[in-house]
Amino acid sequence: MDDELNPLAMARQQLDQVAERIHLEPDVHEKLKHCKRTLIVAVPTSMDDGSLRVFTGYRVHHNLARGPAKGGIRYHPGVSLDEVSALAMWMTWKCALMDIPFGGAKGGVICSPKEMSLRELERMTRRLTSEMMIILGPDKDIPAPDINTNAQTMAWILDTYSMNVGHSVPSVVTGKPVSVGGSRGREDATGRGCVCTMREALAHLGLPIAGARVAVQGFGNVGRATARLAQQAGARVVAVSDEWGGVYHPHGLDIDAVIRHDRQVGRVGGFAGSDAVTNAELLELECEVLIPAALGHQLTQANAGRVRARMVVEGANGPTTPAADQILNDRGIFLLPDILANAGGVTVSYFEWVQGLMEYFWTEEEVNERLERLLRQAFADVLRTSLQEKVPMRVAAYMLAVSRVAEATRIRGKYP
Ligand code: GLU
1 MDDELNPLAM ARQQLDQVAE RIHLEPDVHE KLKHCKRTLI VAVPTSMDDG SLRVFTGYRV
61 HHNLARGPAK GGIRYHPGVS LDEVSALAMW MTWKCALMDI PFGGAKGGVI CSPKEMSLRE
121 LERMTRRLTS EMMIILGPDK DIPAPDINTN AQTMAWILDT YSMNVGHSVP SVVTGKPVSV
181 GGSRGREDAT GRGCVCTMRE ALAHLGLPIA GARVAVQGFG NVGRATARLA QQAGARVVAV
241 SDEWGGVYHP HGLDIDAVIR HDRQVGRVGG FAGSDAVTNA ELLELECEVL IPAALGHQLT
301 QANAGRVRAR MVVEGANGPT TPAADQILND RGIFLLPDIL ANAGGVTVSY FEWVQGLMEY
361 FWTEEEVNER LERLLRQAFA DVLRTSLQEK VPMRVAAYML AVSRVAEATR IRGKYP
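Residues 1 to 416 (the numbering used here) make up the sequence shown, in order.
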């Protein structure tokens, strides 16, 4: 694979860039380049036609100096060990930036979930959980949803883990349904975080949110909530897309109506009164805010020169390659990095974990209020660092995050 598109090479390059700036000692730098532990499992699964398929699953812990392992599990045909490792590393920085007491982890299974039935997904998830039992636990490693996994997936993991240990352990996962100990507000949390940080960034740039044109790539959990909440905040969502393509209207789409249409036909395409756009075209639309909220490496050196947004908000993990970062920065496009823009999800995961351990549950207003407070604080810290150090927002976010992880790594010392 071209190095620009290898996620682990990209994650390491981002770390190297910051290591020099914060004068990271070579030993700590070396440690942070590597993932602490990797579990690769075979997941034999009975398919509905009676055949057996063996899927490959990964769970990677990057660094646990600040707390137990935290991060989602994704189901996608493009999952690879390098991708899961990079995503684990990004989780370490994201948790540190938000100052929540977790280390970074990620999991993934190479599969095509859209071609699998609900029962097949359940059997695969339960077997995956049994195979991962040795590293999971509410004080060891706490999975959450990611691409193509959701609250139902978390309920299966919770149930399988609990059946094996002999009692209910809701805090072994977050992003679970509210009926089994999930947090109010978790489902919308990532989108809410994108919109909250976008609002702060627009204010910094002196652009009003009312009427701001927003284009959202991706209509999964993150894209959908982001589009809906951006519209509620007064923005004009001019385009949204899914894996089959997108829809565009220069005066703004009615997002609730697009959500209803998507529920009926299974895609956003064909929404009444809209024009069709491809995913590639959506990224190059003229707008104030472009929000890639689908897969990684969407903005590369091949298309970054054609982005016509004033600002990029990374709803997805790793949508911008370092080469594209440079191009966007040179062109004066303000970028809110993933570890800040999409940190709302893991932040409410933290609240969910805390509520579960206390067995005391908060209202949705309390969750949202606390989430926005933490995000506004993190945004202000990153912006201050960016202005003081005269570096882009991603570098500033990394400087804060990596310094915190390095400090914990340093003070704990090396064992043995
Ligand atoms: N998968 C989400 C992320 O990439 C959430 C992780 C979590 O809540 O643990 O941030």
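Think of the CB as a built atom: it goes at the ideal place given N, C-alpha and C, for glycine as much as any other residue.
Whether residue i touches residue j by CB criterion (8 Å)
i: S171; j: W362; result: no
i: R309; j: V289; result: First, the residue type needs correcting, since residue 309 is Ala and not Arg in the sequence shown. In contact: A309 and V289 (Cβ atoms closer than 8 Å).
i: P478; j: E83; result: For the chain, the structure presents residues 1 to 416; residue 478 sits outside this window and is missing.
i: V277; j: A239; result: yes
i: K31; j: T409; result: yes
i: T197; j: A225; result: no
i: M132; j: R59; result: yes
i: M89; j: G71; result: no
i: A324; j: G223; result: no
i: L24; j: V395; result: no
i: R66; j: V405; result: yes
i: H61; j: C35; result: yes
i: S274; j: V247; result: yes
i: R192; j: N368; result: yes
i: A86; j: K140; result: no
i: R263; j: N148; result: no
i: T320; j: L5; result: no
i: P337; j: M393; result: yes
i: L128; j: V43; result: yes
i: M311; j: A230; result: no
i: A155; j: K176; result: yes
The ligand GLU heavy atom lying under 7 Å from the CB of residue i
i: G273; result: no
i: G345; result: yes
i: D27; result: no
i: D146; result: yes
i: N342; result: yes
i: S349; result: yes
i: K176; result: no
i: V72; result: In the sequence as displayed, the identity of residue 72 is Gly instead of Val. Yes, since a heavy atom of the ligand GLU falls inside the 7 Å radius drawn around the Cβ of G72.
i: N317; result: yes
i: K94; result: yes
Supposed contact pair residue j and residue i - C-beta distance, whole angstroms, cut 8 Å
i: C194; j: V313; result: 6 Å
i: A343; j: L97; result: 7 Å
i: L121; j: Q217; result: At roughly 25 Å, the Cβ-Cβ gap does not stay under 8 Å, so L121 and Q217 are not in contact.
i: V165; j: I291; result: V165 to I291, Cβ: 40 Å. No contact.
i: S183; j: Q17; result: At roughly 35 Å, the Cβ-Cβ gap does not stay under 8 Å, so S183 and Q17 are not in contact.
i: I209; j: G234; result: 5 Å
i: C95; j: V382; result: Contact doesn't hold; Cβ gap of about 15 Å is too wide.
i: D242; j: V258; result: The Cβ separation is near 10 Å, so there is no contact.
i: G245; j: N279; result: 6 Å
Option nearest residue i by Cα separation, candidates the options
i: P113; options: E372, T226, N150; result: N150
i: I333; options: V307, G234, Q152; result: V307
i: V79; options: P68, I110, K70, L64; result: I110
i: G137; options: R119, A323, T174; result: T174
i: R21; options: Y415, Q388, K106; result: Q388
i: T38; options: G252, E115, I135, P143; result: I135
i: I40; options: A272, G108, V180, Q152; result: G108
i: S179; options: H204, Q152, H167, M358; result: Q152
i: D330; options: P337, G305, T321, V346; result: G305
i: A227; options: G252, L205, G245; result: G252
i: D99; options: R384, P250, L374, N63; result: L374
i: L81; options: W93, N279, N221, A9; result: A9
i: D48; options: P101, P26, M124; result: M124
i: T45; options: P416, C287, M116, Q14; result: M116
i: R412; options: A19, L295, D3, L64; result: L64
Residue i in three-state terms, based on DSSP
i: T153; result: helix
i: E359; result: coil
i: S168; result: coil
i: L64; result: coil
i: H297; result: coil
i: V307; result: coil
i: I147; result: coil
i: H34; result: coil
i: L449; result: In the structure displayed, the chain extends from 1 to 416; residue 449 sits before or after that span and is not available.
i: G122; result: Per the sequence shown, the amino acid found at residue 122 is Glu instead of Gly. Reduced to three states, the DSSP call for E122 is helix.
i: R331; result: coil
i: I22; result: coil
i: V258; result: helix
i: V382; result: helix
i: F351; result: helix
i: V214; result: strand
i: V402; result: helix
Any non-hydrogen atom of the ligand PLP within 7 Å of residue i CB
i: A396; result: Among the ligands modelled here, namely the ligand GLU, the ligand PLP does not occur.
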